[in-house]
Amino acid sequence: MDDSSNTNATTAMPQKNHSYDDHIDHHFHSNISQRHQHSTTTILPLNSIIIIIISIISLVLILSIFLIIVMLRRLKSVKKHGSCKENSGIHNTSSRFIAPTTIDLNASPDVKGNCLYGGSMRKPASAYRGVQVFTYKELEFATDNFSEANVIGNGGSSVVYKGVLADGTVAAIKRLHRDRKQGERAFRMEVDLLSRLNSPYLVELLGYCADQHHRLLIFEFMPNGTLQQHLHHPSSEYRPLDWGSRLRIALDCARALEFLHEHATPTVIHRDFKCTNVLLDQHLRAKVSDFGLAKMGSDKTNGQISTRVPRTAGYLAPEYASTGKLTTKSDVYSYGVVLLQLLTGRVPLDIKRPPGEHVLVSWALPRLTNRDKVDDMVDPAIQGQYSKKDLIQVAAIAAMCVQPEADYRPLMVDVVQSLIPLAKNFNSVNSPGFLRFHRQSSGLKY
1 MDDSSNTNAT TAMPQKNHSY DDHIDHHFHS NISQRHQHST TTILPLNSII IIIISIISLV
61 LILSIFLIIV MLRRLKSVKK HGSCKENSGI HNTSSRFIAP TTIDLNASPD VKGNCLYGGS
121 MRKPASAYRG VQVFTYKELE FATDNFSEAN VIGNGGSSVV YKGVLADGTV AAIKRLHRDR
181 KQGERAFRME VDLLSRLNSP YLVELLGYCA DQHHRLLIFE FMPNGTLQQH LHHPSSEYRP
241 LDWGSRLRIA LDCARALEFL HEHATPTVIH RDFKCTNVLL DQHLRAKVSD FGLAKMGSDK
301 TNGQISTRVP RTAGYLAPEY ASTGKLTTKS DVYSYGVVLL QLLTGRVPLD IKRPPGEHVL
361 VSWALPRLTN RDKVDDMVDP AIQGQYSKKD LIQVAAIAAM CVQPEADYRP LMVDVVQSLI
421 PLAKNFNSVN SPGFLRFHRQ SSGLKY
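In case it helps, the numbering used here puts the sequence shown at residues 1 to 446.
In structure tokens:
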């Protein structure tokens with residue numbers, strides 16, 4: 001009995017100790033777990049607070065930078081408008097200035113103190129040439145009150161007068177009709193483009209007038225009129241052009257379009273290239289004019305502009321007539337028509353001609369690549385002044401330019417490179433006019 005009790009007591013004692021140890025061990029691990037949890041709960045809020053603080057600081061910095069930029073822009077705007085207000089007190093409205101804005105064609109221009117408002121900045125002031133702002137009274141005086149005797153050109157949207165400015169400069173003063181919305185758009189476009197573009201092959205804009213409802217453009221005076229007058233209305237004033245002059249005019253025009261297509265940013269599509277818009281100076285050097293219908297194209301050479309504008313019959317590219325889409329290749333087609341006029345002396349559309357000869361391009365295209373027939377289509381006024389080889393090359397260039405498919409037409413840069421050797425090799429290479437041409441071309445900077 002005693003042994004049994006002792007045995008039971010002996011066995012019971014270790015169990016009691018084991019249970020106690022387990023309890024202590026469990027309590028120990030429980031405390032560690034609680035401490036770990038407590039440690040974790042204290043660390044996480046600290047990390048979150050740090051992240052929140054960093055985010056707030058970053059946000060404050062970004063907002064500060066944004067506010068600084070806004071304030072700087074407002075300060076610049078105030079300075080620009082302030083300079084215009086200062087100019088409004090100057091009575092001499094013929095002072096030179098650098099046009100700082102590109103005219104917004106969706107807003108009416110407002111001229112105040114020689115500053116043209118309603119525009120969006122596209123280029124810095126250094127990218128613009130100085131143009132002069134005239135009052136309407138100054139131009140009235142320059143043209144003898146817009147005398148009919150001084151009219152040198154008359155179109156559907158404007159009348160051009162020869163005038164003498166206050167400083168003695170002879171100028172062509174283009175007065176737009178006030179009741180035409182197209183004239184308003186043309187005014188803005190010409191001021192915008194020609195105050196930014198600078199090329200010896202584009203007519204120079206000397207200034208403009210935007211007094212109230214009056215819209216006038218002042219250009220350099222070109223004493224030899226238009227190419228149209230020399231080719232189709234020869235007189236004692238406008239003599240027929242010889243072969244050498246026609247080659248040089250063709251090259252000048254090609255260089256003008258090359259500049260617009262390849263060197264202007266963004267690309268400019270003229271959209272109205274024709275003989276009446278080619279002006280000739282005292283040396284029969286050509287300059288392209290009339291940018292009222294011009295459009296800014298995309299940066300791509302063949303960037304399309306879908307829009308319909310009035311155009312002169314006979315110069316219209318086939319794809320434009322059918323789709324209304326314009327590309328630089330549309331200008332190439334129009335150039336090809338002008339080249340055909342230089343070659344044949346014919347107008348683009350002539351219903352007085354026999355059947356089959358009404359449309360110049362349709363009549364000329366099959367003959368341009370025929371060596372036997374190409375001689376028969378040449379203007380009688382230049383017969384015998386050219387070599388057969390040069391004639392065939394010019395005919396080939398014209399044929400490529402007036403291809404019905406736009407993709408088959410060349411770029412104007414290729415046309416220029418094709419015409420340069422023809423002009424250089426012409427037998428009047430030693431003439432003073434050609435030497436001037438060669439020097440200007442070789443030193444040309446776009």
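Ideal Cβ placement from N, Cα and C applies to all residues, glycine included.
C-alpha distance - residue i paired with residue j, whole-angstrom precision
i      : j      : result
Leu241 : Ala186 : 31 Å
Leu316 : Leu360 : 12 Å
Ser55  : Ile62  : 11 Å
Pro404 : Ala364 : 13 Å
Phe141 : Ile65  : 54 Å
Val133 : Tyr201 : 23 Å
Ile173 : Asn370 : 45 Å
Ile269 : Phe291 : 9 Å
Arg73  : Leu67  : 10 Å
Lys137 : Ser387 : 54 Å
Val60  : Thr265 : 39 Å
Gln383 : Asn145 : 45 Å
Val347 : Asp192 : 32 Å
Ala45  : Ile52  : It is Pro, not Ala, that sits at residue 45 in the sequence shown. Going from the Cα of Pro45 to the Cα of Ile52 covers about 10 Å.
Gly356 : Asp372 : 19 Å
Pro234 : Leu279 : 15 Å
Leu284 : Val203 : 14 Å
Ile420 : Asp252 : 10 Å
Gly297 : Phe273 : 16 Å
Ile57  : Asn47  : 15 Å
Ser362 : Ser236 : 32 Å
Proximity of residue i and residue j at Cβ, strictly below 8 Å
i      : j      : result
Val415 : Ala254 : yes
Glu258 : Met71  : no
Gln212 : Cys275 : no
Leu165 : Cys209 : no
Thr323 : His261 : no
Leu205 : Glu190 : yes
Thr143 : Tyr161 : yes
Ala256 : Leu342 : no
Ala313 : Leu340 : no
Reduced DSSP secondary structure (H/G/I, E/B, other) of residue i
i      : result
Met264 : Residue identity differs from the one stated: residue 264 is Ala in this sequence, not Met. Three-state result, Ala264: coil.
His233 : coil
Ala468 : This structure cannot speak to residue 468, because the chain is shown only from 1 to 446.
Met296 : strand
His158 : Rather than His, the amino acid found at residue 158 in this sequence is Ser. Looking at Ser158 - three-state DSSP - the assignment turns out to be strand.
Phe426 : coil
Ile351 : coil
Gln393 : helix
Leu411 : coil
Thr344 : helix
Tyr386 : coil
Gly130 : strand
Ala399 : helix
Leu419 : helix
Thr323 : helix
Lys137 : helix
Glu190 : helix
Glu148 : helix
Leu216 : strand
Leu59  : helix
Tyr333 : helix
Gly314 : coil
Own chain residues within Cβ distance below 8 Å of residue i, not counting five before or after
i      : result
Arg271 : Leu293, Ala294, Lys295, Val309, Arg311, Leu326, Ser330, Asp331
Gln385 : Asp242, Trp243, Gly244
Phe434 : Low confidence applies here, because Phe434 scores a pLDDT of 44, under 50, leaving its location unreliable; read the following figure in that light. For Phe434, where only same-chain residues beyond five positions count, the Cβ hits under 8 Å are Gly244, Arg248, Ala423, Phe426, Ser428.
Gln393 : Ser418, Leu422
Asn154 : Val160
Phe28  : Confidence at Phe28 is low in this model, with a pLDDT of 45, below 50, so the placement of that residue should be treated as unreliable; the coordinate-derived value is given next. Counting only Cβ-Cβ distances below 8 Å, and skipping sequence neighbours, we find nothing.
Ala286 : Tyr201, Leu227, Arg248, Ile249, Asp252, Cys253, Ala256, Val278, Leu279, Leu280
6 Å CB neighbourhood of residue i in its chain, flanking five on each side removed
i      : result
Asp390 : Leu422
Gln282 : Pro223
His230 : Tyr238, Leu241
Gly163 : Ala142, Thr143, Ala171, Ile173
Thr344 : Met377, Asp379
Arg353 : none
Close beta carbons around residue i, own chain, < 7 Å, minus the five adjacent residues each side
i      : result
Ile351 : His358
Gly183 : Ser157, Ser158, Leu176, His177, Arg215
Arg409 : Lys329, Val332, Tyr333, Met400, Cys401, Gln403
Val374 : Arg367, Leu368, Leu391, Ile392, Ala395
Asn277 : Val288, Ser289, Asp290
Between the stretch 232-247 and the stretch 377-391, do at least 3 Cβ pairs fall closer than 8 Å?
yes
Would you check if there are 3 or more beta carbon pairs closer than 8 Å linking the stretch 189-197 to the stretch 154-169?
no
Would you call the stretch 329-348 and the stretch 395-403 touching, i.e. three or more CB-CB distances under 8 Å?
yes
For the structure I just gave you, are there three or more beta carbon pairs, one from the stretch 143-151 and one from the stretch 206-225, closer than 8 Å?
no
Check whether the stretch 318-325 touches the stretch 211-219, counting contact only when three or more Cβ pairs, one atom from each stretch, lie closer than 8 Å.
no
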